[in-house]
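Engineer: Sending over a structure as structure tokens; questions will come in a sec.
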Amino acid sequence: MNEFKEFNMSDSLQLAIQDLGFTKPTQIQAESIQDIVQGKDIIGESATGSGKTLAFGCGIVEQVIPKQGLQALVLTPTRELAEQVKDMIKDLTKELRITAVYGGVAINPQIHDLNWAEVVVATPGRLLDHMQRGTVDLKKVKILVLDEADRMLDMGFLDDVERIIHSCPRDRQTLFFSATIDRKIKELSNKHMINPRKVSAVKMVDPTKLKQVYYNVDKNMKLSLLAHLLQNEEKDLVMVFCNTRRNTEFVTKTLKLNGVNATAIHGGLSQNKRTETITRFNGAKTSVLVCTDVAARGLDIGNVSHIYNVDLPKDAKDYVHRIGRTARAGEEGIAVNLLCDYDHDNFRRIQQEYPEFDIECVERPNVKRINIPAIKNNRPRRDNNFRNRGNFRRRY
Ligand code: AMP
Numbered sequence: 138m139n140e141f142k143e144f145n146m147s148d149s150l151q152l153a154i155q156d157l158g159f160t161k162p163t164q165i166q167a168e169s170i171q172d173i174v175q176g177k178d179i180i181g182e183s184a185t186g187s188g189k190t191l192a193f194g195c196g197i198v199e200q201v202i203p204k205q206g207l208q209a210l211v212l213t214p215t216r217e218l219a220e221q222v223k224d225m226i227k228d229l230t231k232e233l234r235i236t237a238v239y240g241g242v243a244i245n246p247q248i249h250d251l252n253w254a255e256v257v258v259a260t261p262g263r264l265l266d267h268m269q270r271g272t273v274d275l276k277k278v279k280i281l282v283l284d285e286a287d288r289m290l291d292m293g294f295l296d297d298v299e300r301i302i303h304s305c306p307r308d309r310q311t312l313f314f315s316a317t318i319d320r321k322i323k324e325l326s327n328k329h330m331i332n333p334r335k336v337s338a339v340k341m342v343d344p345t346k347l348k349q350v351y352y353n354v355d356k357n358m359k360l361s362l363l364a365h366l367l368q369n370e371e372k373d374l375v376m377v378f379c380n381t382r383r384n385t386e387f388v389t390k391t392l393k394l395n396g397v398n399a400t401a402i403h404g405g406l407s408q409n410k411r412t413e414t415i416t417r418f419n420g421a422k423t424s425v426l427v428c429t430d431v432a433a434r435g436l437d438i439g440n441v442s443h444i445y446n447v448d449l450p451k452d453a454k455d456y457v458h459r460i461g462r463t464a465r466a467g468e469e470g471i472a473v474n475l476l477c478d479y480d481h482d483n484f485r486r487i488q489q490e491y492p493e494f495d496i497e498c499v500e501r502p503n504v505k506r507i508n509i510p511a512i513k514n515n516r517p518r519r520d521n522n523f524r525n526r527g528n529f530r531r532r533y
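Last residue of the sequence shown: 533 in our numbering, with the numbers rising by one and none dropped.
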């Protein structure tokens with residue numbers, strides 16, 4: 138049975154959803170679509186992968202009128218998410234013209250596309266750039282969506298977001314989607330929304346499907362243990378998390394040197410490189426993605442069976458986002474934490490904030506020390522998260 142039929146939506150939208158193969162609304166869709174298509178303000182507490190894009194996409198498709206200028210604006214924290222959202226909305230309609238604008242790529246093609254788009258999905262910085270150049274007109278926006286609002290504020294976009302909101306008409310529908318609804322999000326919604334209804338679908342971790350373990354390991358054996366586990370356990374796609382770009386590069390290089398097919402993704406890579414990496418990973422041409430938290434949120438990556446934390450994140454919320462990449466949609470998953478002395482503070486914080494997590498200590502297997510690559514250029518770089526600059530070889 139197609140349960141989407143219970144929503145009061147146009148036949149063409151029903152058909153588009155059917156063509157996507159969806160017959161049962163996800164929790165966030167079940168709780169929000171009807172209100173969204175009726176033009177109500179909604180705060181949706183839901184993570185990436187919960188089906189939120191389709192939920193607000195339905196509202197956009199039902200309310201935006203072709204050839205009448207820019208009427209729907211979606212703000213996203215990252216370029217990848219902007220692309221994903223654009224693609225999802227395109228799947229829902231053939232009538233509307235949708236474009237994504239974000240930094241790191243040429244601006245002129247975007248200026249051209251902004252002339253005709255009825256729906257724009259944008260990262261805040263590049264959109265402001267267009268606003269300053271007068272190449273985007275927000276006066277007719279009637280639906281404004283903040284996607285991954287918490288991430289956007291964490292990345293320091295609050296002022297940009299406020300300026301963009303102020304440039305949209307007051308008489309509009311406003312939708313916030315956020316994995317967590319904290320004080321900052323509440324303040325923003327109090328300022329800019331009208332009687333929003335809060336809907337929630339945050340079951341990010343299903344304890345019956347997700348196993349969490351940790352190994353205690355000396356810091357100079359950490360990557361040897363990682364390589365050993367990657368080579369000896371059966372798995373689908375794997376994400377390996379590091380706290381800094383630099384460590385991401387180093388871990389990738391080390392794994393490659395030791396025969397593991399690994400690729401790095403972080404915010405320092407060009408847009409083309411990031412898109413190509415995600416496509417290859419999703420197509421399972423490469424099976425180990427080494428990434429910073431930039432990659433943890435927003436990206437639609439399926440079949441991740443294992444996530445490894447080479448560094449434990451400082452912010453316990455990031456741990457939840459990381460482990461939320463696996464054990465999705467009823468599949469099983471494992472989160473593996475590799476702890477050495479400098480990880481214990483962060484690990485303790487996670488255990489304190491999430492006492493419900495059952496993270497089991499596992500005995501370390503006997504592991505051979507692997508080759509650690511030489512670092513040609515050991516100049517200290519500006520990387521505020523990383524204290525022991527230039528010290529990788531000694532660490533691992
Ligand atoms: P999100 O990032 O929250 O928009 O979730 C996107 C993912 O959810 C994509 O992989 C979609 O294909 C999937 N999805 C969206 N709606 C449904 C649905 N009703 N049933 C199954 N999968 C869905």
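Heads up, the beta-carbon is just placed ideally off N, CA and C, and yes, glycines get one too. Treat the numbers as computed from the prediction; the structure is a model and nothing was measured.
For the ligand AMP, I want to know if Met138 counts as a neighbour, meaning its beta carbon is within less than 8 angstroms of at least one of the ligand's heavy atoms.
Structural biologist: Counting from one through the sequence shown, the residue named residue 138 turns up at place 1. Checking the Cβ of Met138 against the ligand AMP gives no.
Engineer: If distances are taken between C-alpha atoms only, which option among Ser361, Leu325 and Val174 comes closest to Cys477?
Structural biologist: Taking the first residue of the sequence shown as 1, we reach residue 477 at position 340. That would be Ser361, whose Cα lies nearest to the Cα of Cys477.
Engineer: Identify whether Arg334 lies in helix, strand or coil by the three-state DSSP scheme.
Structural biologist: As a position in the sequence shown, residue 334 is number 197, starting the count at 1. Reduced to three states, the DSSP call for Arg334 is strand.
Engineer: Could you say which of Glu255, Val242, Thr230 and Ala192 lies nearest to Lys204 if we only look at CA atoms?
Structural biologist: Residue 204 sits at position 67 when you count from the first residue of the sequence shown. Nearest of Glu255, Val242, Thr230 and Ala192 to Lys204, Cα basis: Glu255.
Engineer: For a test of the three-state rule: what should DSSP assign to Ser147, helix, strand or coil?
Structural biologist: As a position in the sequence shown, residue 147 is number 10, starting the count at 1. Coil.
Engineer: Using a threshold of 8 angstroms, is the CB atom of Lys189 nearer than that to any non-hydrogen atom of the ligand AMP?
Structural biologist: Mapped onto the sequence shown, residue 189 falls at position 52. Indeed, a heavy atom of the ligand AMP lies less than 8 angstroms from the Cβ.
Engineer: If you run the structure through DSSP and keep just helix, strand and coil, what is Cys379?
Structural biologist: If you number the sequence shown from 1, residue 379 lands on position 242. Three-state result, Cys379: coil.
Engineer: Do Asp495 and Val441 have their CB atoms nearer than 9 angstroms?
Structural biologist: Here residue 495 refers to the residue found at position 358 of the sequence shown. Here residue 441 refers to the residue found at position 304 of the sequence shown. No. Outside cutoff.
Engineer: Roughly how many whole angstroms lie between the Cα atoms of Arg518 and His403?
Structural biologist: The sequence position of residue 518 within the sequence shown is 381, counting from 1. The sequence position of residue 403 within the sequence shown is 266, counting from 1. Reliability of the predicted coordinates at Arg518 is poor, the pLDDT of 47 falling under 50, and the value obtained from them is presented with this limitation in mind. Those two C-alpha atoms are separated by around 16 angstroms.
Engineer: Which residues bound the alpha helix (DSSP H) around Glu324?
Structural biologist: The residue given as residue 324 occupies position 187 in the sequence shown. Start and end: Arg320 to His329.
Engineer: Put Leu157 into one of helix, strand or coil per three-state DSSP.
Structural biologist: On the sequence shown, residue 157 is found 20 positions in, with the first residue counted as 1. Three-state result, Leu157: coil.
Engineer: Assuming Ile173 and Cys195 are in contact, meaning their beta carbons sit under 8 angstroms apart, how far apart are those beta carbons, in whole angstroms?
Structural biologist: Numbered from its first residue, the sequence shown carries residue 173 at position 36. Numbered from its first residue, the sequence shown carries residue 195 at position 58. With a Cβ gap of about 6 angstroms, Ile173 and Cys195 count as contacting.
Engineer: Under DSSP, the alpha helix (DSSP H) around His365 begins and ends at which residues?
Structural biologist: Taking the first residue of the sequence shown as 1, we reach residue 365 at position 228. Element bounds for His365: Lys359 to Asn369.
Engineer: For Glu199, which residues does DSSP report across the bridge?
Structural biologist: Taking the sequence shown and counting its residues from 1, one reaches residue 199 at position 62. According to DSSP, which records beta bridges pairwise, Glu199 is partnered with nothing at all.
Engineer: Out of curiosity, what's the CA-to-CA distance linking Asp482 and Gly181?
Structural biologist: Translated into the one-based positions of the sequence shown, residue 482 becomes position 345. Translated into the one-based positions of the sequence shown, residue 181 becomes position 44. Spanning the two alpha carbons is a distance of roughly 32 angstroms.
Engineer: Taking the C-alpha atoms as reference points, what is the distance between Glu324 and Thr185?
Structural biologist: On the sequence shown, position 187 is the one that residue 324 refers to. On the sequence shown, position 48 is the one that residue 185 refers to. The straight-line gap from Cα to Cα measures roughly 22 angstroms.
Engineer: Any heavy atom of the ligand AMP closer than 8 angstroms to the Cβ of Met225?
Structural biologist: Taking the first residue of the sequence shown as position 1, residue 225 is located at position 88. Met225: yes, Cβ under 8 angstroms from the ligand AMP.
Engineer: Taking the beta strand (DSSP E) that Gly470 falls in, what are its first and last residues?
Structural biologist: By 1-based counting over the sequence shown, the position of residue 470 is 333. It spans Gly470 to Leu476 - the beta strand (DSSP E) in which Gly470 sits, taken as one unbroken run.
Engineer: Within 8 angstroms, do at least three Cβ pairs link the stretch 445-455 to the stretch 378-389?
Structural biologist: Yes: the two stretches touch, three or more of their Cβ pairs being nearer than 8 angstroms.
Engineer: Just mark Arg485 as buried or exposed, buried being the case when its beta carbon has 16 or more other beta carbons within 10 Å.
Structural biologist: On the sequence shown, residue 485 is found 348 positions in, with the first residue counted as 1. That one is exposed.
Engineer: Indicate, with yes or no, if the ligand AMP has a heavy atom lying under 8 angstroms from the CB of Ser183.
Structural biologist: Position 46 of the sequence shown, counting from 1, holds the residue named residue 183. Flag set: Cβ of Ser183 near the ligand AMP.
Engineer: Indicate the three-state DSSP secondary structure (helix, strand or coil) for Gly181 in the structure shown.
Structural biologist: The residue labelled residue 181 in the question sits at position 44 within the sequence shown. Strand.
Engineer: My output table needs one value for Leu347: the three-state DSSP class, helix, strand or coil.
Structural biologist: Start at 1 with the first residue of the sequence shown, and residue 347 comes out as number 210. Residue state, collapsed to three classes: strand.
Engineer: Below 8 angstroms on the Cβ atoms is my contact criterion, and I expect Ala209 with Leu347 to pass it. Report the Cβ-Cβ distance as a whole number of Å.
Structural biologist: Counting from one through the sequence shown, the residue named residue 209 turns up at place 72. Counting from one through the sequence shown, the residue named residue 347 turns up at place 210. Contact doesn't hold; Cβ gap of about 35 angstroms is too wide.
Engineer: How about Phe159: is its Cβ closer than 8 angstroms to a heavy atom in the ligand AMP?
Structural biologist: As a working note, residue 159 is residue 22 in the sequence shown. Answer for Phe159: yes, Cβ within range of the ligand AMP.
Engineer: Would you kindly check if the distance between the Cβ of Arg459 and the Cβ of Glu217 is under 9 angstroms?
Structural biologist: For the purposes of this step, residue 217 is taken as residue 80 along the sequence shown, with counting starting at 1. For the purposes of this step, residue 459 is taken as residue 322 along the sequence shown, with counting starting at 1. Not a contact, by the Cβ cut-off of 9 angstroms.
Engineer: Helix, strand or coil for Ala192, going by three-state DSSP, please let me know.
Structural biologist: Along the sequence shown, one-based indexing puts residue 192 at 55. Looking at Ala192 - three-state DSSP - the assignment turns out to be helix.
Engineer: By the DSSP assignment, the alpha helix (DSSP H) with Leu290 in it spans what residues?
Structural biologist: Sequence index remark: in the sequence shown, residue 290 carries index 153 (1-based). Unbroken alpha helix (DSSP H) run through Leu290: Ala286 to Asp291.
Engineer: So, for Tyr239: in the same chain, excluding its five sequence neighbours on each side, which residues have a beta-carbon less than 6 angstroms away from its beta-carbon?
Structural biologist: Along the sequence shown, read from residue 1 onward, the residue named residue 239 stands at position 102. So the list reads Arg216, Ala219, Thr260 and Arg263, once near-sequence residues are dropped.
Engineer: Within a Cβ cutoff of 7 angstroms, which residues of the same chain sit near Asn332, ignoring the five residues on either side of it in sequence?
Structural biologist: Residue numbering aside, residue 332 sits at position 195 when the sequence shown is read from its first letter. Closer than 7 angstroms at Cβ, skipping near neighbours: Asp178.
Engineer: Decide yes or no for the touch test of the stretch 309-321 against the stretch 275-293: beta carbon pairs closer than 8 angstroms, at least 3 of them.
Structural biologist: Touching, yes.
Engineer: Tell me whether Gly404, by its Cβ, gets closer than 8 angstroms to a heavy atom of the ligand AMP.
Structural biologist: On the sequence shown, position 267 is the one that residue 404 refers to. No.
Engineer: Should Ile307 go down as buried or exposed, given a rule of 16 or more other Cβ atoms within 10 Å for buried?
Structural biologist: Counting from one through the sequence shown, the residue named residue 307 turns up at place 170. The displayed chain sequence assigns Arg, not Ile, to residue 307. Answer is exposed; the Cβ neighbour count stays below 16.
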